[in-house]
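Q: The structure is given below, and queries will be raised subsequently.
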Amino acid sequence: MVEPPASATGDIAFNLIVFFLVCASVQPDSGREQSLPRSDQDSEEQTENIQVQLTRNAVMLNGAILRQDDFAIALNRSLKGKVRPEDRVVIVQSKPDTPYSHWVIVTEMIDQAGGIVTIQTEEVQQMVVPNS
1 MVEPPASATG
11 DIAFNLIVFF
21 LVCASVQPDS
31 GREQSLPRSD
41 QDSEEQTENI
51 QVQLTRNAVM
61 LNGAILRQDD
71 FAIALNRSLK
81 GKVRPEDRVV
91 IVQSKPDTPY
101 SHWVIVTEMI
111 DQAGGIVTIQ
121 TEEVQQMVVP
131 NS
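For the sequence shown, our numbering begins at 1 and goes up steadily by one.
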C-alpha cells in the first residue's frame, strides 16, 4: 500500500481556504445612499405624507401624472414651508418593471428638493381559515 505524503495535506488545506475566501468575498453594494426616517409612535400631529408612484415611464405625485420636468416643480411646491423632518417624508412606490435608472433620477430629485425618501413595500398577509 502506498500512502500519500503527509506534507501534501497542508497544501491542500491552504488551497481550500484561499478558494473559499475568494469565493466568499463580499462586494460593497453600489447604489444610492439613503437616510430613512425613524418611526415615531407617540406623535401627536399626524401629517399627510407625499406619495410618489413610479411606473416604467411615468411619475405620479399624490395621484397626479406628471412629466419628469414638471415633477420637480410640483414636488418643490408640495415641500414648501415644511420644516420638520417628519413633514418632509416622501413615500416612493414603484412597479416591478420600473427601470432602476428612472428610480434613481426621481429619488435624486426628491433629495434635491429637501424631501426624505421612504420606500414602501407591499406586505403580503396570508390567512388560514380552519375548515368547519
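Virtual Cβ for every residue (Gly too), placed ideally from N, Cα, C.
#1: Cα-Cα, which of 54, 50, 107 is closest to residue 98?
#2: By the three-class DSSP mapping on this structure, what secondary structure does residue 24 have?
#3: With a threshold of 16 other CB atoms inside 10 Å of the CB of residue 113, please say whether the residue is buried or exposed.
#4: With respect to the beta strand (DSSP E) encompassing residue 104, which residues constitute its N-terminal and C-terminal limits?
#5: Could you spell out where the alpha helix (DSSP H) holding residue 58 opens and where it closes?
#6: For residue 64, name the three-state secondary structure that DSSP assigns.
#7: Kindly indicate which three-state DSSP category residue 90 falls into: helix, strand or coil?
#8: Span of the beta strand (DSSP E) holding residue 117?
A: Concretely, from the data shown:
#1: 54
#2: coil
#3: buried
#4: Element bounds for residue 104: not the beta strand (DSSP E) but the alpha helix (DSSP H), 100-112.
#5: First-last for residue 58: undefined, no H or E at that position.
#6: strand
#7: strand
#8: 116-119
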